[in-house]
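Engineer: Structure provided below as structure tokens; questions to follow.
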Amino acid sequence: MTDDRTAQTLRSIAPYLADWAAFQADYHGMPGLQLAVGRRGEVFVDLAWGKADLETGEELTSDHLFRVASHSKTFTTVLVMQLVERGELRLDDTVGALVPELAGSAAAAITVRELLGHQGGLIRDSSDGDFWQHQRPFLDREQVLECVRTEGIVFEPNEHFKYTNIGYSLLGIIIEQVTGTTYDEVARAAVIEPLRLTRTGTELDPARAAEYAAGHTGRIAHGDARRVIPHVDTRAMAAATGWYSTALDMVRYGATHVLGDTTLLTDQSKRLVQREESTLTVRGRELGRYGVGIELGKVGDRELVGHSGGYPGHITRTWIDPVDGLVVSALTNAVDGIATQIAGGVIQIINLALAAADEVAASGLAGTGGTPVPPVPADAPFGRFANLWGVVDVVDLGGIVHTINPRSPQPVEVAQRFLLADGRLAQESVAGFGTVGEPVQVERDADGAIVAVRLGAMTAWPVEEFRARVLDR
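The sequence shown begins at 1 in UniProt numbering and counts up one residue at a time.
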């Protein structure tokens, strides 16, 4: 697909991406959601939905700050790789050589690369990680070092992938040792200021307290009330989990991980970071993949890099396509947030639309041998409809009419196509358990507004009409 067609398609579906994501957040009871979608310098979606604080009723905006938690690890990786590029640090340098307090300890032989890839075997959060539920403060520098010395080693290096916040806290200490300055000062000079990320930082900033979206508790039962969780300083663990940002700033930052953008790192460094270092497989089931300081994923055929983040009250996810340039960031402000589900679903819808746009473009080319795709009817019944059995969206994705159940977290698994057949709009003639191949019937009023649709066997109405007919009677 050409860049022009990709951009045109993303622009055309941007309103639906925002609408679908907002529906998901609402349906799953999220307090608030920020979503940003960008590609190669253009921002297509910048959504703020819901509440920044359920207790005060404050509306969420695109400027509210979220704690992006383990996204911090990708920032730390950038700082480390910049030092490597300048020859001030090597990936095979050892902890004992870099941090004098750890010389001679059991962790002394662990390398920088092993820390970046979670292959050092270090304990995840110390034996008392109740700072994650605010039962104690996050660890300071001396506590991190003491943890590494006395209880840090769980596995031998490279025995298993073992995710570790202690390991990344140690990387923050190493950055300070090598540069002779604070982690925050290094990050500001190396990332925040060059990218002009005015709403991004390494740690809780008391001067900006009013700008943070409140964190909220999760729900054990569906009807449980949520409570606000206060923000705290993550101290020496900032390199692992302290950063804050917005979805829009995360898209701008994520773009620097795309190949060809050398603002922060060379492509050589990015290829090393994004190379698969670990595949997590337990009893035959793959749990995930990780590179050298960044998470690896896949949605459809799209290979992605990025990270999730979990901080008390905020759950976040950013995915980056380092080849195509697409960046999607979803930030939620509850412990049970569905940021990964929303980011993944948005990418699925994008993939559906781009595949359809390619199909439409190819159908107009002579000699392709494919069946021409008929144009979208001007009177197609676009909108959201409901009946007793559910909700359905009728939307133009890439020049082909699709139906999607917005309740589903997997749009690609529930999407169906509507095409013109004998001059009438009908469900695509394919195998299926539903009403495939059957015509679409639309009822309109005298002004042409849709009163009802029959997408197969059952009538559905615009959502507010259905509420009035069934739910509110």
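Beta carbons: idealized from backbone N, C-alpha and C, even for Gly.
The model shown is predicted, which means the values in this text are computed figures rather than measured ones.
1. Which residues does DSSP list as the beta-bridge partners of L47?
2. Could you give the first and the last residue of the continuous beta strand (DSSP E) run that contains Q427?
3. Should G121 be labelled buried (16 or more other beta-carbon atoms within 10 Å of its own) or exposed?
4. Applying the criterion that 16 or more other CB atoms from any shown protein chain within 10 Å of the CB defines a buried residue, is K51 buried or exposed?
5. Rounding to the nearest angstrom, what Cα-Cα distance links S269 and L91 in this structure?
6. If we ignore side chains and look at the alpha-carbon of each, how far apart do P31 and G260 end up?
7. Identify the residues that DSSP records as bridge partners of G306: which are they?
8. Here's the rule: buried if 16 or more other CB atoms are within 10 angstroms of the residue's CB, otherwise exposed. What is V451?
9. Starting from the Cα of V68, find the closest Cα among A380, A356, G423, G309 and give me that residue.
10. Pick out whichever of Y290, Y311, D26 has its Cα sitting closest to the Cα of H160.
11. Rounded to the nearest angstrom, what separates S169 and T111 at their Cα positions?
12. Which word fits K73, buried or exposed, when buried means at least 16 other C-beta atoms lie within 10 angstroms of its C-beta?
13. Are there three or more Cβ pairs, one per stretch, closer than 8 Å when the region 299-315 is compared with the region 331-344?
14. Going by CA-CA distance only, name the one from A460, A353, T256 that's closest to R40.
15. Specify, as a first and last residue, the run of the alpha helix (DSSP H) that P15 falls within.
16. Could you give the DSSP three-state label for L219: helix, strand or coil?
17. Taking the C-alpha atoms as reference points, what is the distance between E295 and E88?
18. With contact counted as at least three CB pairs below 8 Å, one residue from each stretch, are the region 125-138 and the region 94-108 in contact?
19. Can you give me the C-alpha to C-alpha distance between V186 and Q24, rounded to a whole angstrom?
20. Is the Cβ-Cβ distance between G254 and V191 less than 7 Å?
21. What residue from A457, T9, L287, P194 has the CA that sits closest to R252's CA?
22. Candidates G117, G152, G284: which alpha carbon is nearest S127's?
23. Rounding to the nearest angstrom, what Cα-Cα distance links F433 and N405 in this structure?
24. Could you tell me whether the region 162-177 touches the region 230-249, using the rule of 3 or more Cβ pairs below 8 Å?
25. Round the Cβ separation of L98 and V154 to the nearest angstrom and send it over; I've been treating them as touching at under 8 Å.
26. Going by CA-CA distance only, name the one from M81, L425, G129 that's closest to N165.
27. What beta strand (DSSP E) runs, 3 residues minimum, are completely inside the region 322-358?
28. Taking DSSP as the reference, what is the three-state secondary structure of A213?
29. Would you check if the distance between the CB atom of T217 and the CB atom of R208 is smaller than 7 Å?
30. Tell me A386's beta-bridge partners as DSSP assigns them.
31. Where do the ends of the beta strand (DSSP E) carrying Y183 lie?
32. Is the beta carbon of D249 less than 7 Å from the beta carbon of L197?
Structural biologist: Inspection of the coordinates gives the following:
1. Here residue 47 refers to the residue found at position 47 when the sequence shown is read from its first residue. According to DSSP, L47 bridges with L35.
2. Reading the sequence shown from its first residue, position 427 is the one you call residue 427. 424-427 is the span of the beta strand (DSSP E), which, as asked, contains Q427.
3. Counted from its first residue, the sequence shown places residue 121 at position 121. Buried: at least 16 other Cβ atoms inside 10 Å.
4. The residue labelled residue 51 in the question sits at position 51 within the sequence shown. Result: buried.
5. Position 269 of the sequence shown, counted from the start, is the residue given in the question as residue 269. Position 91 of the sequence shown, counted from the start, is the residue given in the question as residue 91. Answer to the nearest angstrom: the Cα atoms are 11 Å apart.
6. The count along the sequence shown starts at 1 and reaches residue 31 at position 31. The count along the sequence shown starts at 1 and reaches residue 260 at position 260. Cα-Cα distance, rounded: 37 Å.
7. Locating residue 306 in the sequence shown gives position 306, counting from the first residue. The partner list for G306 (beta bridge, DSSP) reads E295, W319.
8. Mapped onto the sequence shown, residue 451 falls at position 451. Exposed: under 16 other Cβ atoms inside 10 Å.
9. For the purposes of this step, residue 68 is identified with residue 68 of the sequence shown, where counting begins at 1. Taking only the C-alpha atoms, the option nearest V68 is G309.
10. Along the sequence shown, read from residue 1 onward, the residue named residue 160 stands at position 160. Of the listed residues, the one whose Cα sits closest to H160 is Y290.
11. Looking up residue 169 in the sequence shown gives position 169. Looking up residue 111 in the sequence shown gives position 111. Computed Cα separation, rounded: 14 Å.
12. By 1-based counting over the sequence shown, the position of residue 73 is 73. It is buried - the Cβ of K73 has at least 16 other Cβ atoms within 10 Å.
13. yes
14. In the sequence shown, counting from the first residue as 1, residue 40 sits at position 40. When only C-alpha atoms are compared, the closest one is T256.
15. Counting from one through the sequence shown, the residue named residue 15 turns up at place 15. Residues 3-27.
16. Reading the sequence shown from its first residue, position 219 is the one you call residue 219. Sequence check: residue 219 is Arg here, not Leu. Note: R219 maps to coil in three-state DSSP.
17. In the sequence shown, residue 295 corresponds to position 295, counting from 1. In the sequence shown, residue 88 corresponds to position 88, counting from 1. Roughly 25 Å between the two C-alpha positions.
18. no
19. As a first step, residue 186 must be located in the sequence shown, where it is residue number 186. As a first step, residue 24 must be located in the sequence shown, where it is residue number 24. Cα to Cα, the separation comes out at about 38 Å.
20. To locate residue 254, count along the sequence shown from 1; it is residue 254. To locate residue 191, count along the sequence shown from 1; it is residue 191. Contact flag unset, no.
21. In the sequence shown, residue 252 corresponds to position 252, counting from 1. Among A457, T9, L287, P194, the Cα nearest to that of R252 is on P194.
22. On the sequence shown, position 127 is the one that residue 127 refers to. Looking at the Cα atoms, G152 is the closest of the given residues.
23. As a working note, residue 433 is residue 433 in the sequence shown. As a working note, residue 405 is residue 405 in the sequence shown. Those two C-alpha atoms are separated by around 15 Å.
24. yes
25. Here residue 98 is taken as the residue at index 98 of the sequence shown, counted from 1. Here residue 154 is taken as the residue at index 154 of the sequence shown, counted from 1. Not a contact, Cβ separation roughly 21 Å.
26. Your numbering for residue 165 matches position 165 in the sequence shown. Among M81, L425, G129, the Cα nearest to that of N165 belongs to G129.
27. 326-332
28. Here the question's residue 213 lines up with position 213 in the sequence shown. In this structure, A213 counts as coil in the three-state DSSP scheme.
29. Position 217 of the sequence shown, counted from the first residue, corresponds to residue 217. Position 208 of the sequence shown, counted from the first residue, corresponds to residue 208. No.
30. The residue given as residue 386 occupies position 386 in the sequence shown. Note: A386 sits in a beta bridge opposite V391, W461.
31. Mapped onto the sequence shown, residue 183 falls at position 183. Note, Y183: premise wrong, no beta strand (DSSP E); alpha helix (DSSP H) at 183-187.
32. For the purposes of this step, residue 249 is taken as the residue at position 249 of the sequence shown. For the purposes of this step, residue 197 is taken as the residue at position 197 of the sequence shown. Yes, Cβ-Cβ distance for D249 and L197 is below 7 Å.
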